[in-house]
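2 protein chains.
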Amino acid sequence: MTKSLADIVTLLATIPGPDAEAVAAWAQREPQLTKPAGSLGRLEEIVRWLTAWQGRHPPRLDRVRARIFAGNHGVTAQGVSAFPAAVTHQMVLNFQSGGAAINQLCRANDVELSVLALDLDRPTQDFTQAPAMTEAEFAAAFDTGFQSVPADTDLLAIGEMGIGNTSAAAAVALGLFGGQAADWVGRGTGVEGDGLTRKTKAVAAGADLHAGSSPLEVLRRLGGRELAAMAGAVVAARLARIPVMLDGYVCCAAAAALAAARPGALDHCLVAHVSAEPGHRRLLERLDKQPLLDMSMRLGEGSGAVLAVGLVRSGLACHAGMATFAQAGVSGKD
Amino acid sequence: MTKSLADIVTLLATIPGPDAEAVAAWAQREPQLTKPAGSLGRLEEIVRWLTAWQGRHPPRLDRVRARIFAGNHGVTAQGVSAFPAAVTHQMVLNFQSGGAAINQLCRANDVELSVLALDLDRPTQDFTQAPAMTEAEFAAAFDTGFQSVPADTDLLAIGEMGIGNTSAAAAVALGLFGGQAADWVGRGTGVEGDGLTRKTKAVAAGADLHAGSSPLEVLRRLGGRELAAMAGAVVAARLARIPVMLDGYVCCAAAAALAAARPGALDHCLVAHVSAEPGHRRLLERLDKQPLLDMSMRLGEGSGAVLAVGLVRSGLACHAGMATFAQAGVSGKD
Numbered sequence: 001m002t003k004s005l006a007d008i009v010t011l012l013a014t015i016p017g018p019d020a021e022a023v024a025a026w027a028q029r030e031p032q033l034t035k036p037a038g039s040l041g042r043l044e045e046i047v048r049w050l051t052a053w054q055g056r057h058p059p060r061l062d063r064v065r066a067r068i069f070a071g072n073h074g075v076t077a078q079g080v081s082a083f084p085a086a087v088t089h090q091m092v093l094n095f096q097s098g099g100a101a102i103n104q105l106c107r108a109n110d111v112e113l114s115v116l117a118l119d120l121d122r123p124t125q126d127f128t129q130a131p132a133m134t135e136a137e138f139a140a141a142f143d144t145g146f147q148s149v150p151a152d153t154d155l156l157a158i159g160e161m162g163i164g165n166t167s168a169a170a171a172v173a174l175g176l177f178g179g180q181a182a183d184w185v186g187r188g189t190g191v192e193g194d195g196l197t198r199k200t201k202a203v204a205a206g207a208d209l210h211a212g213s214s215p216l217e218v219l220r221r222l223g224g225r226e227l228a229a230m231a232g233a234v235v236a237a238r239l240a241r242i243p244v245m246l247d248g249y250v251c252c253a254a255a256a257a258l259a260a261a262r263p264g265a266l267d268h269c270l271v272a273h274v275s276a277e278p279g280h281r282r283l284l285e286r287l288d289k290q291p292l293l294d295m296s297m298r299l300g301e302g303s304g305a306v307l308a309v310g311l312v313r314s315g316l317a318c319h320a321g322m323a324t325f326a327q328a329g330v331s332g333k334d
Numbered sequence: 335m336t337k338s339l340a341d342i343v344t345l346l347a348t349i350p351g352p353d354a355e356a357v358a359a360w361a362q363r364e365p366q367l368t369k370p371a372g373s374l375g376r377l378e379e380i381v382r383w384l385t386a387w388q389g390r391h392p393p394r395l396d397r398v399r400a401r402i403f404a405g406n407h408g409v410t411a412q413g414v415s416a417f418p419a420a421v422t423h424q425m426v427l428n429f430q431s432g433g434a435a436i437n438q439l440c441r442a443n444d445v446e447l448s449v450l451a452l453d454l455d456r457p458t459q460d461f462t463q464a465p466a467m468t469e470a471e472f473a474a475a476f477d478t479g480f481q482s483v484p485a486d487t488d489l490l491a492i493g494e495m496g497i498g499n500t501s502a503a504a505a506v507a508l509g510l511f512g513g514q515a516a517d518w519v520g521r522g523t524g525v526e527g528d529g530l531t532r533k534t535k536a537v538a539a540g541a542d543l544h545a546g547s548s549p550l551e552v553l554r555r556l557g558g559r560e561l562a563a564m565a566g567a568v569v570a571a572r573l574a575r576i577p578v579m580l581d582g583y584v585c586c587a588a589a590a591a592l593a594a595a596r597p598g599a600l601d602h603c604l605v606a607h608v609s610a611e612p613g614h615r616r617l618l619e620r621l622d623k624q625p626l627l628d629m630s631m632r633l634g635e636g637s638g639a640v641l642a643v644g645l646v647r648s649g650l651a652c653h654a655g656m657a658t659f660a661q662a663g664v665s666g667k668d
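Chains as they are written, first to last, in our numbering: chain B, 1 to 334; chain D, 335 to 668.
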């Protein structure tokens with residue numbers, strides 16, 4: 001059943017916290033492992049996080065899933081993108097036939113991939129003229145994401161594809177956090193010169209038109225179907241105790257609406273990477289999230305999220321597989 | 335046959351450069367892949383590097399090997415470490431029985447591991463009193479590393495284990511690049527308070543005693559057997575067209591002696607990560623190397639290098655496996 005904005009706010013009030021008992025089991029084992037305390041740095045923190053949000057120790061990574069959502073955007077009429085809108089559908093076909101970057105990354109990191117195309121033949125409204133989505137459209141897109149997460153998932157990576165959607169992300173970020181449009185607008189897939197000027201103007205116009213909206217209203221009015229779906233997936237994962245790996249700017253902008261609506265709503269999420277899109281770094285500062293990777297990537301498709309799954313696997317391999325000082329007969333600190 | 339310092343200098347004069355033809359083949363394919371140009375950021379650069387230094391396109395990652403060298407250090411007599419020197423041998427046994435972090439990381443990233451223990455029952459001389467190694471000892475250790483690299487290796491990750499060796503690394507860095515001892519000294523495995531003061535004094539005393547040495551002499555006088563062996567492995571890899579993934583502070587300090595002896599000697603090396611040891615970041619600036627990861631790790635054992643192998647595998651999977659715009663029927667930039 002689709003959820004109204006009020007239903008989503010109600011859901012957000014019920015989200016569970018981390019599992020203290022599982023974390024205690026992690027904290028009991030970790031210092032016994034044959035290494036100086038803390039010497040695996042963020043690899044250790046990743047496993048603590050995985051443990052806390054799966055609510056079990058040791059955590060598992062048997063079923064790691066990626067969900068990639070695709071949408072089309074009315075704002076492309078403003079000439080904001082370097083690529084034609086037809087590319088969204090063409091890339092969905094490329095995902096389905098296994099030829100995109102995300103397909104290779106999922107194979108390399110043992111991640112199951114599903115791609116959900118959201119009404120590509122019905123782009124959102126141009127947000128410089130009207131709300132991007134009606135309430136019914138937003139609810140349907142959110143629900144598609146919400147329903148896309150099997151309960152037995154051990155770790156969820158989410159991502160997106162949608163020509164024009166860095167404009168939507170910038171508008172959402174501007175709507176949520178304020179500032180100037182130029183603070184949040186970047187080159188996306190490679191827009192330059194006049195195109196970049198048009199993009200900045202469109203983002204500013206959209207934020208002006210929809211000023212004063214609540215966080216979820218910002219997402220409905222300035223976002224897009226794939227952004228709404230990602231938000232739905234993040235909430236569903238939280239309710240099912242599934243840790244989430246967030247991807248780049250568009251993904252984090254969608255998730256940011258949840259954090260703005262309910263502080264702590266992204267505590268079960270790690271941010272895989274900071275992208276080359278300059279607004280992403282600014283957004284992560286606002287979200288108080290430290291990315292795992294900084295590789296100057298700016299592809300979307302969940303590419304950074306799935307790349308970071310490899311780090312999570314390595315972290316868990318260490319925590320679960322290492323010998324203790326006692327087992328190995330290794331002396332502790334002097 | 336072992337190599338004198340003069341032999342090594344001669345060898346360094348013969349090292350090959352990157353393969354322009356292979357890079358041209360990479361550069362011809364990369365922009366055809368179904369993504370905005372450059373949007374995979376450093377993942378693309380990694381594959382260009384792999385191609386350039388393997389000298390073939392597409393590059394391969396069938397045989398990825400880690401070589402971990404262990405040594406003991408006379409400078410531990412100065413009370414510079416948080417752990418007793420016996421831990422070096424105990425950890426070698428732990429590597430051999432599969433219980434250490436590096437064992438789990440190699441398994442998770444499909445890397446073959448060998449551990450080479452270098453005369454653990456004969457620690458180097460205390461470098462505050464005498465050269466750490468005689469010329470013969472240095473040559474033998476260098477040669478152990480040099481001989482440890484099979485010619486059919488596609489990518490080599492190197493690392494080390496040796497109680498006291500962040501003191502050796504700091505002394506080598508100070509000997510090569512100058513500054514103050516405190517610039518290069520960190521907490522290593524967790525030394526604090528008086529121990530940290532003793533460590534800084536020992537590093538300063540060593541650098542004073544051996545001031546005015548050539549880069550390879552710095553490595554002989556202030557380094558250790560595992561540092562000499564890592565340098566040998568780096569040179570052997572270059573001669574055999576094997577790209578190298580460097581690990582943390584100790585590994586990079588050893589490699590830095592080569593760069594100081596012969597500019598460009600590390601062009602076939604990527605630095606996997608910047609560690610929590612503060613001297614490492616400073617050292618990478620001197621080497622003009624941008625680390626792939628920044629995870630606050632400070633374990634050594636090649637742990638960062640092997641973790642980064644996963645990124646290399648993901649990069650190659652994209653370059654080798656993605657569809658082109660023509661194959662996928664995806665439109666290019668407007």
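We treat Cβ as the ideally placed atom computed from N, Cα and C, and that holds for glycine.
In this text the structure is predicted, and so the values were computed from the model without any measurement.
In DSSP terms, what residue i is bridged to
{"i": "D:H607", "result": "D:L627"}
{"i": "D:T658", "result": "D:L367"}
{"i": "D:I402", "result": "D:V449, D:G493"}
{"i": "B:L246", "result": "B:V271"}
Candidates the options: closest to residue i by CA position
{"i": "B:L116", "options": "B:A86, B:N94, B:T144, B:E135", "result": "B:T144"}
{"i": "B:R60", "options": "B:S39, B:I242, B:A20", "result": "B:I242"}
{"i": "B:I15", "options": "B:S303, B:R238, B:A254", "result": "B:R238"}
{"i": "D:T458", "options": "D:Q424, D:A359, D:A419", "result": "D:A419"}
{"i": "D:G566", "options": "D:R532, D:E494, D:S482", "result": "D:S482"}
{"i": "B:F366", "options": "B:F95, B:A151, B:S213, B:A202", "result": "No information on residue 366 of chain B is available, as it lies outside the stretch 1 to 334 that chain B covers here."}
{"i": "B:L227", "options": "B:L174, B:R281, B:G179, B:T166", "result": "B:T166"}
{"i": "B:S303", "options": "B:F325, B:Y249, B:E44", "result": "B:Y249"}
{"i": "B:L299", "options": "B:H319, B:G315, B:V274", "result": "B:V274"}
{"i": "B:G329", "options": "D:A434, D:L641, D:G666", "result": "D:A434"}
{"i": "B:A202", "options": "B:A265, B:Q327, B:A320, B:V75", "result": "B:V75"}
{"i": "B:M161", "options": "B:H268, B:D154, B:Q90, B:G310", "result": "B:Q90"}
{"i": "B:Q327", "options": "B:L33, B:S39, B:L12", "result": "B:L33"}
{"i": "D:V381", "options": "D:F472, D:D488, D:A538", "result": "D:D488"}
{"i": "D:E611", "options": "D:A563, D:A599, D:A587", "result": "D:A587"}
{"i": "B:L287", "options": "B:S296, B:L266, B:E44, B:F138", "result": "B:L266"}
{"i": "D:E318", "options": "D:A563, D:A590, D:A359", "result": "Since the first and last residues shown for chain D are 335 and 668, residue 318 of chain D lies out of range."}
{"i": "B:T88", "options": "B:A259, B:R67, B:C106, B:L118", "result": "B:L118"}
{"i": "B:H268", "options": "B:W49, B:F83, B:S296", "result": "B:W49"}
{"i": "D:A541", "options": "D:I402, D:P484, D:L447, D:A464", "result": "D:A464"}
{"i": "B:G321", "options": "B:C251, B:N72, B:M297, B:E30", "result": "B:E30"}
Outcome for residue i when other beta-carbon atoms lying within 10 angstroms are tallied against a minimum of 16
{"i": "D:A340", "result": "exposed"}
{"i": "B:R122", "result": "exposed"}
{"i": "D:P597", "result": "exposed"}
{"i": "B:P36", "result": "buried"}
{"i": "D:T468", "result": "exposed"}
{"i": "D:E526", "result": "exposed"}
{"i": "B:A20", "result": "exposed"}
{"i": "D:D486", "result": "exposed"}
{"i": "B:Q96", "result": "exposed"}
{"i": "B:G17", "result": "exposed"}
{"i": "D:Q438", "result": "buried"}
{"i": "D:T534", "result": "buried"}
{"i": "D:T344", "result": "exposed"}
{"i": "D:G493", "result": "buried"}
CB-CB length for residue i against residue j, believed under 8 Å
{"i": "D:V398", "j": "D:V357", "result": "Not confirmed; about 21 Å, so no contact."}
{"i": "D:L550", "j": "D:A595", "result": "6 Å"}
{"i": "B:A169", "j": "B:F127", "result": "About 12 Å separates the two Cβ atoms, so there is no contact after all."}
{"i": "D:G520", "j": "D:G413", "result": "Wrong, their Cβ atoms sit about 16 Å apart, outside the cutoff."}
Pull out every residue of the segment 99 to 131 of chain B whose Cβ sits closer than 7 Å to any Cβ of chain D, in chain order. Taking 7 Å as the Cβ-Cβ cut-off against chain D, the residues of the segment 99 to 131 of chain B that qualify are G99, A100, A101, Q104, L105, R107, A108, N109.
What residues from the segment 193 to 210 of chain B come within 8 Å of chain D, judged by C-beta to C-beta, listed N to C? So the list is empty, because no residue satisfies the distance condition.
Residues, ordered as in the chain, of the segment 289 to 308 of chain B that lie near chain D by beta-carbon distance below 9 Å: L292, L293, D294, M295, S296, M297, R298, L299, G300, E301, S303, V306, L307
At a Cβ cut of 7 Å, what residues of the segment 510 to 525 of chain D count as close to chain B, listed as they run along the chain? T523, G524
Pull out every residue of the segment 394 to 417 of chain D whose Cβ sits closer than 8 Å to any Cβ of chain B, in chain order. S415, A416, F417
Output, in sequence order along the chain, the residues in the segment 422 to 433 of chain D whose CB is closer than 9 Å to any CB in chain B. Q424, M425, L427, N428, S431, G432, G433
Please list the residues of the segment 16 to 42 of chain B that have a C-beta atom closer than 9 Å to any C-beta atom in chain D, keeping them in chain order. L33, T34, K35, P36, A37, G38, S39, L40, G41, R42
Residues of the segment 157 to 174 of chain B whose Cβ lies closer than 7 Å to any Cβ of chain D, in chain order: none
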